[in-house]
């Protein structure tokens, strides 16, 4: 059963109108004219030849998505993964570990996770086709499940000399690393456990594997796959087809945020479902959502280059639609701003917190609605609108 939205539509409309002039989040600072520059030909007529055609605009967007959005996001994730690998290796060379060592591992994980929350919004192509996505983060999975699975391989005396002893994806990625370094259960906490060396060996395997996986993704996007996406060739039926495939996953991820990251842990009644929190041990679930939304907005804006916002204005002369979409992004950021200093674990256990989370969920639904209606109708882009079915 889905959560019933108790917000008053007129209230949402008022909030959105007020937010137009207030601070929100992200968005492009580009100044785009509502009409293309024209040149007087001397006889009263004007020349619109400088205006981009739709074909030229779509070709430009595919290049921007690869060079300014997708590759930088994946490269950042690779860089932070390498930093996590180095930190883990340095810590695990020691025979005894301190609070400072644990803190360093946690900081490195947080940086990698933040980079991943940007990269994971781009779930198509090599990262999805070969299941790299779920190897880095298998989701959804309950906290107890990941804890039991990790402890089961640690108690077997596994040395991890040959990599992972199990093919289960939930044992290979960032959630498993998170559990080992953030778990507070005294018997199994990193510093108080009886098998610290084994836990470190396991962390090394996860960190090394994450680097290997992300290096593969970056290499493919830098090579043939990225070039095919730019050109609309290979498995893509032109530039429009490439963009529509990208947008299918953009919409899907927006649904995933709502369904898996908010509604699932929120549940129907108090105290919610804390077992279904995305980051149940590190307690950064709210930050994850904020990072996701900012990343999706940057993708829409083409980072600082030519994006879908420019397509609406420069090709379709619909600055009104661009502004309305920007307004809805601001509404999502504003709703998230009201909970940024709280944990999702606490929010789901109080009526006040649940109201705030429902406001976030509603603002995301409203954003998706305008994208699925006005944006799609104006641009004639037809994403697949696949219902999120998990990872």
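Numbering (mature numbering (1 follows the signal peptide of the UniProt record, and there is no 0)), first residue to last: -27 to -1, 1 to 364. For every residue, glycine included, the Cβ atom is placed at its ideal position computed from N, Cα and C. All figures in this text were calculated on a predicted structure; none of them were measured in a lab.
Taking the alpha-carbon positions, what's the residue i to residue j distance?
i, j, result
"residue 349", "residue 309", "26 Å"
"residue 109", "residue 24", "43 Å"
"residue 237", "residue 67", "40 Å"
"residue 358", "residue 339", "15 Å"
"residue 221", "residue 356", "5 Å"
"residue 84", "residue 73", "17 Å"
"residue 170", "residue 99", "34 Å"
"residue 266", "residue 231", "11 Å"
"residue 139", "residue 233", "25 Å"
"residue 274", "residue 227", "16 Å"
"residue 191", "residue 217", "22 Å"
"residue 301", "residue 345", "13 Å"
"residue 54", "residue 250", "23 Å"
"residue 16", "residue 282", "Below a pLDDT of 50, predicted positions are generally treated as unreliable, and residue 16, at 41, falls in that range; no measurement from the model is reported."
"residue 186", "residue 145", "11 Å"
"residue 115", "residue 123", "13 Å"
"residue 82", "residue 324", "32 Å"
"residue 343", "residue 298", "7 Å"
"residue 242", "residue 189", "43 Å"
"residue 128", "residue 166", "11 Å"
"residue 158", "residue 125", "15 Å"
By Cβ distance, which residues of its chain are closer than 7 Å to residue i, with the 5 residues on each side in sequence left out?
i, result
"residue 181", "58"
"residue 202", "35, 39, 209, 215"
"residue 75", "154, 163, 164"
"residue 278", "37, 41"
"residue 27", "288"
"residue 207", "201"
"residue 168", "127"
So, with DSSP's three-state summary, where would you put residue i?
i, result
"residue 335", "helix"
"residue 4", "Per-residue confidence for residue 4 stands at a pLDDT of 41, beneath the threshold of 50, marking its modelled position as unreliable; the derived number appears in the next sentence. The answer is coil: DSSP assigns residue 4 none of H, G, I, E or B."
"residue 313", "coil"
"residue 135", "coil"
"residue 280", "coil"
"residue 244", "coil"
"residue 111", "coil"
"residue 12", "In this prediction, residue 12 scores a pLDDT of 38, lower than 50, which makes its location untrustworthy; no coordinate-derived value is stated."
"residue 239", "helix"
"residue 232", "helix"
"residue 325", "helix"
"residue 200", "helix"
"residue 158", "coil"
"residue 255", "coil"
"residue 346", "helix"
"residue 105", "helix"
At which residues does the alpha helix (DSSP H) containing residue i begin and terminate?
i, result
"residue 32", "27 to 37"
"residue 172", "169 to 195"
"residue 292", "292 to 310"
"residue 219", "211 to 229"
"residue 74", "72 to 92"
"residue 99", "99 to 102"
"residue 61", "44 to 65"
"residue 148", "147 to 155"
"residue 265", "258 to 273"
"residue 349", "349 to 352"
"residue 288", "Where residue 288 is concerned, there is no enclosing alpha helix (DSSP H), given that its DSSP letter is neither H nor E."
"residue 119", "116 to 127"
Going along the chain, which residues of its own chain have a beta-carbon closer than 6 Å to the beta-carbon of residue i, five neighbours each way excluded?
i, result
"residue 269", "94"
"residue 211", "205"
"residue 316", "256"
"residue 44", "194"
"residue 365", "The chain is shown only over -27 to 364; residue 365 falls outside these bounds and no answer can be derived."
"residue 347", "294"
"residue 244", "322"
"residue 174", "133"
Within a Cβ cutoff of 8 Å, which residues of the same chain sit near residue i, ignoring the five residues on either side of it in sequence?
i, result
"residue 86", "147, 151, 252, 255, 257, 261"
"residue 156", "120, 162, 163, 254"
"residue 78", "60, 61, 64, 154, 163, 176"
"residue 246", "237, 238, 239, 240, 321"
"residue 312", "259, 320, 326, 329, 330, 333"
"residue 272", "38, 42, 94, 95, 223, 280"
"residue 213", "31, 205, 354"
"residue 136", "178, 182"
"residue 351", "285, 289, 291, 294"
"residue 106", "93, 96, 100, 364"
"residue 199", "39, 43, 44, 193"
"residue 370", "This structure cannot settle anything about residue 370, because the visible part of the chain is limited to -27 through 364."
"residue 264", "87, 90, 91"
"residue 197", "207"
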